[in-house]
Amino acid sequence: MKGPLAGLMQQAQRMQEDMKRAQEEIAQAEVTGQAGGGLVSVLMSGRHEVRRVTIDRKLFADDPEMAEDLVAAAVNDAVNKIAALSQEKLGGLTAGMNLPAGLKLPF
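Residue 294 in the numbering used here is what sits at position 54 of the sequence shown, and the numbering runs on without skipping anything.
So, in structure tokens, the structure goes:
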């Protein structure tokens, strides 16, 4: 292949390799979601696997319903952090590439 199509294919291949590398970095990353000013924290992997949940024991005794709400909020916080990390790592990969309108990547 020669010409503009060959260049586009080379760019797409490099981008695919970069995306794979970025996805591996995200999968290895860990984030901590928190709620209630740190009363509840959730450690989550980039694959959305919850690795650890830490809850202030006094919270259970004082208000178990609030503890439940804070666990959900901490998990959501961790999920949002992973989404932001993914956007940061993957969002710039297609920047500067002259892709046809409507082309969805990865293939």
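Backbone N, C-alpha and C fix where the C-beta goes; we use that ideal spot for every residue, glycine too.
**Asked** How far does the beta strand (DSSP E) with G273 in it reach, from first residue to last?
**Response** Sequence index remark: in the sequence shown, residue 273 carries index 33 (1-based). Segment E270 to A275, the beta strand (DSSP E) holding G273.
**Prompt:** Leaving out five residues before and five after E265 in sequence, what residues of the same chain have Cβ atoms less than 7 Å from its Cβ?
**Reply:** Taking the sequence shown and counting its residues from 1, the one referred to as residue 265 is at position 25. Around E265: K329.
**Asked** By DSSP, does R292 sit in helix, in strand, or in coil?
**Response** Position 52 of the sequence shown, counting from 1, holds the residue named residue 292. Correct three-state label for R292: strand.
**Request:** Could you name the residues of the same chain whose beta carbon sits closer than 6 Å to that of T294, not counting the 5 residues immediately before and after it, in chain order?
**Result:** Within the sequence shown, the letter at position 54 stands for residue 294. Same-chain partners within the cutoff: S281.
**Item:** Three-way DSSP call (helix, strand, coil) for L279 in this model
**Value:** As a first step, residue 279 is located in the sequence shown; it is residue number 39 there, counting from the start. Looking at L279 - three-state DSSP - the assignment turns out to be coil, as it is neither helix nor strand.
**Asked** How would you write the range of the alpha helix (DSSP H) that R297 sits in, first residue to last?
**Response** Taking the first residue of the sequence shown as 1, we reach residue 297 at position 57. R297 to D302 is the extent of the alpha helix (DSSP H) around R297.
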